[in-house]
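Protein chains in written order, with the numbering used here: chain A, 267 to 582; chain B, 139 to 392. C-beta atoms are modelled at their ideal positions from N, C-alpha and C, and glycine is treated no differently. Notes follow once the structure below has been shown.
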């Protein structure tokens with residue numbers, strides 16, 4: 267069996283596509299698990315799952331300890347060998363704890379998953395985006411976490427029939443307790459879904475100057491502003507939802523404009539899959555130019571207003 | 139309060155060069171260091187010790203030369219070190235079992251601190267795996283930690299949300315890079331640390347039976363990055379004009 271789980275519905279549907287391919291190739295069944303999200307389970311069936319298991323549980327908040335117990339029981343009962351988990355923060359700690367509980371191999375943040383000589387192989391980016399490790403599992407069960415948008419979901423097929431199973435699972439409560447959940451400072455941007463992103467980095471002298479970036483983003487009809495690590499994590503000029511990079515968000519817009527960003531490998535790792543990359547930097551030696559399709563060497567305080575005006579004219 | 143900090147020796151990723159023909163990273167001869175976020179983990183442990191007293195043990199699974207790097211952690215403020223040399227083929231499964239074996243041998247502990255991930259491979263897998271093997275609760279991505287008698291209160295960074303979690307001891311906490319600024323040891327501290335012990339424990343004594351990795355690395359490939367690298371650097375107005383023309387041509391101005 268191939269088993270798919272994510273608390274993020276969109277990722278779950280994407281994983282079902284890959285899960286479906288892997289299941290078919292091995293003549294196995296595809297199972298999707300929903301924990302406390304009954305509505306999603308029906309959706310899994312029309313997106314390729316042979317079985318959707320709805321876990322009935324009094325637990326309503328994610329704790330890796332408890333979710334691990336739930337999945338461990340289902341994996342053992344269904345004899346699942348391949349487990350695909352959505353790679354958000356909850357998914358990663360869940361997959362890792364589950365791997366410990368099952369003594370299983372686990373590969374986090376796979377960007378490609380396939381069978382090679384009947385063995386499951388997964389690829390992941392390592393060394394800050396400088397290399398790709400090709401890893402092969404040597405035993406079952408095998409756990410892979412996959413980030414959003416690595417795969418496309420299968421088109422909805424209302425004809426696809428599957429089984430809806432409700433299952434009660436008892437779980438020993440974790441001794442830890444969630445005492446408060448609060449929204450972090452956020453401007454509600456979703457850089458991961460943006461088609462055009464204009465980003466700022468250390469080349470900006472003060473917070474107020476970021477309007478230069480948002481104005482360019484506006485004329486590009488992208489309206490999405492990104493940034494490199496120092497702007498979000500150290501200076502906190504923008505909230506973390508703008509942060510693009512290895513520990514921030516990974517993006518693939520059709521156009522990415524990097525302004526005043528030096529091009530540290532950690533930043534490149536977050537935007538390397540963009541369609542067209544433009545860099546603006548006053549230092550002709552800046553690393554960012556090596557990762558760019560087009561670049562302008564110049565002071566961003568002069569370049570950005572000119573570029574904004576020129577694009578506005580061009581687009582009419 | 140007894141605290142264990144897990145620290146990993148890694149290649150300094152900033153020093154990695156790429157072989158121009160194979161596009162593969164050249165890893166041989168690259169300087170080694172303690173993974174940055176593990177120093178944040180140790181810093182947090184030291185701050186708790188300064189408040190509550192106790193003992194800090196740093197634990198490393200790594201090659202013999204990791205001992206040199208561990209001295210820096212002792213100079214920062216850890217009381218002693220334990221180094222376990224892994225078998226030739228070790229993956230997360232093997233390493234987690236060795237760490238768990240060593241922690242059982244240390245036996246008395248309240249908190250285990252790890253970095254949220256190591257800077258070389260950035261899986262973030264080891265902390266939760268270890269907590270699982272030890273059957274203790276885990277708090278990941280901690281951006282704030284407060285220890286009180288009987289419980290720890292920690293804030294987990296989920297990106298859009300922060301979750302405050304309370305847990306009894308023992309507990310495993312993985313910290314983010316933002317949690318603190320690791321201290322630089324003073325010369326006095328460096329000199330004093332030379333008398334602090336680093337124990338070397340054999341892997342075969344710590345893990346039951348024969349530990350086989352669950353994953354093998356087939357290849358470390360280069361990353362294809364083919365970009366046009368068309369750079370305009372003459373007259374600014376001309377450069378902007380040419381760039382806009384190019385962007386229109388490739389169809390991103392719509």
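Note on the stretch 486-567 of chain A: whole alpha helix (DSSP H) runs with a minimum of 4 residues are 531-537, in chain order.
Cβ-Cβ distances below 6 Å link residue 268 (chain A) to 285, 288, 289, 294, 296 and 348 in the same chain, with the five nearest sequence neighbours on each side left out; the list follows chain order. Within chain B, the residues whose beta carbon sits less than 8 Å from that of residue 363 (chain A) are 266, 267, 269, 270 and 276, listed in sequence order. Within the stretch 219-239 of chain B, the residues whose Cβ lies closer than 9 Å to any Cβ of chain A are, in chain order, 229, 230, 231, 234, 235 and 238.
Under a criterion of Cβ atoms nearer than 9 Å, no residue of chain A is adjacent to residue 195 (chain B); the nearest Cβ is some 21 Å distant. Residues of the same chain with a CB within less than 7 Å of the CB of residue 435 (chain A), apart from the 5 flanking positions on each side, are 321, 323, 336 and 339 in chain order. Taking a 10 Å sphere around the C-beta of residue 508 (chain A), we find 16 or more other C-beta atoms and assign the residue as buried. If you ignore the 5 residues before and after residue 344 (chain B), its C-beta comes within less than 7 Å of the C-beta of 222, 236, 239, 240 and 243, all in its own chain and listed in chain order. When secondary structure is reduced to three states using DSSP, residue 390 (chain A) falls in the strand class. Residue 558 (chain A) is a Cβ neighbour of residue 365 (chain B), given a cutoff of 7 Å. Counting only Cβ-Cβ distances below 8 Å, residue 367 (chain B) has contacts in chain A at 555, 556, 558, 559 and 561, in chain order. With a cut-off of 8 Å on Cβ pairs, the stretch 246-258 of chain B is not in contact with the stretch 206-220 of chain B, counting fewer than three such pairs. For the stretch 298-330 of chain A, the continuous beta strand (DSSP E) assignments of 3+ residues that do not extend past its boundaries occur at 317-322, in sequence order. DSSP places residue 376 (chain A) in the uninterrupted beta strand (DSSP E) bounded by 376-382.
Not a single C-beta of chain B is nearer than 7 Å to the C-beta of residue 479 (chain A). Nearest Cα to residue 270 (chain B) within the set A:330, A:424, A:350 and A:414: A:330. Between the alpha carbons of residue 408 (chain A) and residue 334 (chain A) lies a gap of roughly 15 Å.
Residue 359 (chain A) has a beta carbon lying within less than 7 Å of a beta carbon in chain B. Contact between residue 268 (chain B) and residue 564 (chain A) does not hold, since their C-beta atoms are separated by about 50 Å, which reaches or exceeds 8 Å. Nearest CB-CB separation between residue 453 (chain A) and chain B: not below the 7 Å threshold. Among the residues facing chain A, residue 352 (chain B) is included, as its CB has a counterpart in that chain under 7 Å away. For the stretch 236-263 of chain B, the set of positions with a beta-carbon nearer than 9 Å to some beta-carbon of chain A reads 238, 254, 255, 257, 258, 259, 260, 261, 262 and 263 in chain order.
Shown here for residue 183 (chain B): same chain residues with a beta carbon closer than 7 Å to its own, the five before and five after excluded, namely 141, 143, 194 and 251 in chain order. Beta-bridge annotation (DSSP): residue 284 (chain B) is paired with B:291. Counting C-beta pairs closer than 8 Å gives three or more between the stretch 477-486 of chain A and the stretch 574-582 of chain A, which meets the contact rule. When DSSP states are grouped into helix, strand and coil, residue 333 (chain A) belongs to the helix group. Taking one beta carbon from each stretch, the stretch 323-341 of chain B and the stretch 461-474 of chain A have fewer than 3 pairs nearer than 8 Å; the two do not touch.
When C-beta atoms of the stretch 399-418 of chain A are compared with those of the stretch 340-359 of chain A, three or more pairs fall below 8 Å, so the two segments count as touching. Among the residues facing chain A, residue 166 (chain B) is not included, as its CB has no counterpart in that chain under 7 Å away. Remark: C-beta atoms of residue 291 (chain A) and residue 381 (chain A) approach each other more closely than 7 Å. In the DSSP annotation of this structure, the continuous segment of the alpha helix (DSSP H) that includes residue 230 (chain B) starts and ends at 230-244.
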